[in-house]
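*Asks:* Please find one structure pasted underneath; my questions will follow.
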Amino acid sequence: MKNNVVNVALVGNPNTGKTSLFNQLTGLKQKVGNYPGITVDKKHGKCKISDTLTAEIVDLPGTYSINPQTLDETIVLETLLNKDNDSYPDLIIVVAEVENLKRNLLLFTQIKDLQIPTILAINMADQMNRKGIDIDVELLKQELKTEIILISSRKNIGIDNLKKELANYKNWNTEPSAKISEKIDAAYFSDLEAKFSENSLYKTWLLITQQHYCHFLTKEQNTKIDIVKKDAEKIKKYQHKETIFRYQLINDILKKTYKVDKATATDLRSKLDRILTHKIFGYVIFATILLLIFQSIFEWASFPMDLIDVVFANLSELAKDNLPPGIFTNLIAEGIIPGIGGVLIFIPQIAILFLFIAILEETGYMSRVVFLMDKIMRKFGMSGKSIIPLISGTACAIPAIMASRNISSWKERLITILVIPFTTCSARLPVYAILISLIIPSERVLGIFNLQGLTLMALYLLGFAAAISSAILLHHILKIENKSLFVIEMPNYKVPSLKNVFYEVVEKTKAFILGAGKIILALSIVLWFLASNGPLKYKNAEQFVPSLEENTTVSNEVLQKKIASYKLEHSYIGYMGKTIEPIIEPMGYDWKIGIALISSFAAREVFVGALATIYSVESEGEDVGTIKQRMAAEVNPKTGEKRFNFASGMSLLLFYAFAMQCIGTLAIVKRETKSWKWPILQLTGMSTLAYIVATITYTILK
Amino acid sequence: MQEFLVYIALGVAIGFLVKKYFFKSKKKGNCDSDCGC
Amino acid sequence: MGDTIATLQIGESGIIEDFSLDLIPLCLLEMGCLPGKEVRLIQIAPLRDPLYIKVNGSHLAIRKEMADQINITKL
């Protein structure tokens, strides 16, 4: 049996359960890839339709109309207009849902007019009784000139019917939904149709009304289109008329086919909305939820994180013991394995935060949060939609920055992207933890509050304060037009689908691993090399160190540690540390801390491990107890005081709070803003701020 | 042999980092500002 | 009449007449905010911005500066 493959595109409004349907159809056979040149994720997967037909389904971003508002939505247009696009579909499934059918049908009629075989799947059909909705499906099929399947993607109803009908796609009606063009301006449009006979009329119209999609047309076609585009005002007017007429058509059709019995409809939405968007309780509830989330992350994440820590420490040992001795084995045991471990250890925190966010989004609550926060966020130059990326930034800035793609105003989106790195991400925590335990006494304030815990909270709040302050600053400085076209849907409340939540968490975690992970690993290799090699003095360490007078009487164990310490000091990275020492001295650091600072460019928490090596402590899975003792004992030769005293400790804490050290984030910012200008601005701005604050802190406190 | 492998790993790592940061991604007429109405 | 969506009180409804802006953003029309349709104010955030409305069957939130531009007759 020959197996045919068809390209299928899944389109529909957000909140119609489109993703749910996609998950049902493709299950684990789905992948997230990248659209070339555009920073939107492409979700696609395979689905077996029948014995002879397999579908390659692409889940296009949810959109309310084929005319795009956000970056995400431009993908829909691009995919459906460009025949050379990899995902250009042979057939389209438009997903609608029973409650918002009227609005859903706007997109449907637009898609139908493209004259690609299209089918309508009305989702949440199982809810019809509860909502008092009755649909005359047969009549609707006739009026819309299309096949219609009622489904419930959540309950797995109707999916088989859908597949059966999909196998039949070649027989579908591809007439446009109505002769709207005639209503708007018959003469204009028939002229258009004649001029661009190679496309369907609606496709031609879209090419004219959109601004950026002509890269796949020939020069000749582009010139023709440019001539028509000149009459911009007329085009805009006609777009408006088009929308109005489409809705008229839909209204007429639904009058005959769609009935709602308000008496039987249960209205959970208004009851919940009354509390959740209340001017006082709304905020109280939101704050409480946030607190619960952060509390849970701290409690639940520590166990798996410790586990991962131990596993990788053991793997490292295993590698060293079992692989043939040599520098490649060292690279594996000391560079690669810790490098990978350093990435994986953040997964628990990141996954848990995104789990909460996914659940809140699935229930529909997030739109209410955006509603509550929009006015405040606008004072800071951002949008209500920025709140989710900002919260996500406390896990990892990389998926957080990607989540800002649904902000339609470029200025609001840019500011959001630029300030996210100020929020305290997971990687800063290990550094905060060890420094706080070193310099802050473990006392109780007012009998209940732990001073160390308070300091940690203060650092978190500082991160947010820095984010907001810089947002305000950027808002006033950046001369970018701020077209604020804020329209968000307030969807009905739903019980979250665990399947959807699961896939969402997997996606976001993958984004972190692939975005940050590869870079961290590559840098770990490079840094290992720099720390394990050096010029002459390094090479002679094994002969030189034992020959020193002070070392002739020490045990072999101590001698080995001293050799390791000497080697590090005279390695390439050691020289780098010494070189930057004069710069970092005002902040209270020496070249040893300098080495740790440089190393933490790969991943911030490497700071702790680097210090462990430098102070020649045997770091068995970063035995914090011993590292702490060693750090506490270290003395500043110039002042005779402790190296890690309150002054230098605070200086380090504040440095890490403000410094932009994550090159993974820099890479993502470059990708999302499509320019080097912004990541460079971030880097210089944040580094300068960190330097100044750390220096002032040290100078004042010492 | 081990040295050889190390240098290969190093080369790949550096190559990857350089490519990521200095390689100009192809622009295919995508929007720089919002494509709103 | 001088009323706009922004002048509605919570629970009040009106019929959309026209728009003050010469060319109202297409996205608003596409979401169902059309002349002749009924609009009801469901909730309002502090400082009267944004506004949570039900219009033409859709539940939406829009900013005050947009609501100011949509003229209605109160019911």
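Line by line, the protein sequences are chains P, W and F. The first sequence begins at -11 in our numbering and counts up by one. The second sequence begins at 3 in our numbering and counts up by one. The third sequence begins at 1471 in our numbering and counts up by one. Every residue, glycine too, gets a C-beta built ideally from N, C-alpha and C. These figures come from a predicted structure and were not determined experimentally.
1) Report, in whole angstroms, the separation of the C-beta atoms of P/Arg592 and P/Val419, which I expect to be a contact under 8 Å.
2) Once DSSP output is grouped into helix, strand and coil, what is the label at P/Ile468?
3) Under 8 Å between beta-carbons, which chain W residues line up against P/Lys30? List them in chain order, please.
4) What does the Cβ neighbour count give for W/Tyr9, buried or exposed, with the cut at 16 atoms within 10 Å?
5) Evaluate P/Leu449 with the Cβ neighbour count: other Cβ atoms within 10 Å of its Cβ, from every protein chain shown; 16 or more gives buried, anything less gives exposed.
6) Let me check one thing: in DSSP terms, what residues is P/His266 bridge-paired to?
7) Name, please, each residue of chain F whose Cβ falls closer than 9 Å to the Cβ of P/Arg91.
8) Along the region 68 to 97 of chain P, what residues have a CB closer than 9 Å to any CB found in chain F?
9) Here's the rule: buried if 16 or more other CB atoms are within 10 angstroms of the residue's CB, otherwise exposed. What is P/Ser169?
10) Report, in whole angstroms, the separation of the C-beta atoms of P/Ala12 and P/Ile147, which I expect to be a contact under 8 Å.
11) Could you say which of P/Lys243, P/Gln227 and P/Cys35 lies nearest to P/Gln124 if we only look at CA atoms?
12) Can we say the region 361 to 377 of chain P touches the region 318 to 336 of chain P, given the rule of at least three CB pairs closer than 8 Å?
13) Can you give the beta carbon distance from P/Met365 to P/Pro336, rounded, assuming they're within the 8 Å contact cut?
14) Looking at chain P, is there any beta carbon in it that lies within less than 7 Å of the beta carbon of W/Lys21?
15) Taking the alpha-carbon of P/Lys471 as reference, which of P/Lys225, P/Arg356, P/Pro49 and P/Ile395 has the nearest alpha-carbon?
16) Could you pull the DSSP bridge partners for F/Thr1474 from this structure?
17) Mark P/Lys496 as exposed unless 16 or more other C-beta atoms lie within 10 angstroms of its C-beta, in which case mark it buried.
18) Would a check of beta-carbon distances place F/Gln1513 closer than 7 Å to chain P?
19) To which residues of the same chain is P/Ile121 closer than 6 Å at the C-beta, ignoring the five residues directly before and after it?
20) Residues in its own chain within less than 7 Å of P/Leu102 by CB, not counting five upstream and five downstream?
21) Check for me: the alpha helix (DSSP H) holding P/Asp179 runs from which residue to which?
22) What's the C-alpha gap between P/Gly381 and P/Thr245?
23) Any C-beta of chain F within less than 7 Å: which residues of the region 463 to 476 of chain P qualify?
24) Could you have a look at P/Leu41 and say whether DSSP puts it in helix, strand or coil?
25) Going by DSSP, what residues sit across from P/Lys36 in a beta bridge?
26) Grab me the residues of P/Ser639's own chain with a C-beta within less than 6 Å of its C-beta, minus the 5 sequence neighbours each way, in chain order.
27) Between the alpha carbons of P/Ile476 and F/Ala1531, how many angstroms are there, rounded?
28) Do P/Gly0 and P/Val82 come within 7 Å of each other at the CB atom, strictly closer than that value?
29) Assign P/His228 to one of three DSSP states: helix, strand, or coil.
30) Do we get a CB-CB distance below 7 Å when we pair F/Ile1480 with the residues of chain P?
31) Would P/Asp261 be called buried (16 or more neighbouring beta carbons within 10 Å of its own) or exposed?
32) Please report whether the beta-carbon of F/Leu1521 lies at a distance below 7 Å from any beta-carbon of chain P.
33) Are the CB atoms of P/Ala289 and P/Ile340 within a distance shorter than 7 Å?
*Replies:* On the basis of the data shown:
1) 6 Å
2) coil
3) By Cβ distance, chain W contributes nothing, its closest Cβ being about 14 Å from P/Lys30, past 8 Å.
4) exposed
5) exposed
6) In DSSP, P/His266 forms no bridge with anything.
7) Glu1500, Met1501, Gly1502, Asn1526, Gly1527 and Ser1528
8) Glu87, Asn88, Leu89, Lys90, Arg91, Leu94 and Leu95
9) buried
10) Before going on, a small fix: residue 12 of chain P reads as Gln here, not Ala. Going by Cβ atoms, the distance from P/Gln12 to P/Ile147 rounds to 6 Å, so yes, they are a contact pair.
11) Per the sequence presented here, residue 124 of chain P reads as Asp, with Gln not at that position. That would be P/Lys243, whose Cα lies nearest to the Cα of P/Asp124.
12) no
13) At roughly 29 Å, the Cβ-Cβ gap does not stay under 8 Å, so P/Met365 and P/Pro336 are not in contact.
14) no
15) P/Ile395
16) F/Asn1541
17) buried
18) yes
19) Val86 and Val248
20) Leu68, Ser188, Tyr190 and Lys191
21) Ile168 to Lys183
22) 47 Å
23) Ser472, Leu473, Phe474, Val475 and Ile476
24) strand
25) P/Thr42
26) Met575, Gly576, Ala682, Thr685 and Tyr686
27) 5 Å
28) yes
29) helix
30) no
31) buried
32) no
33) yes
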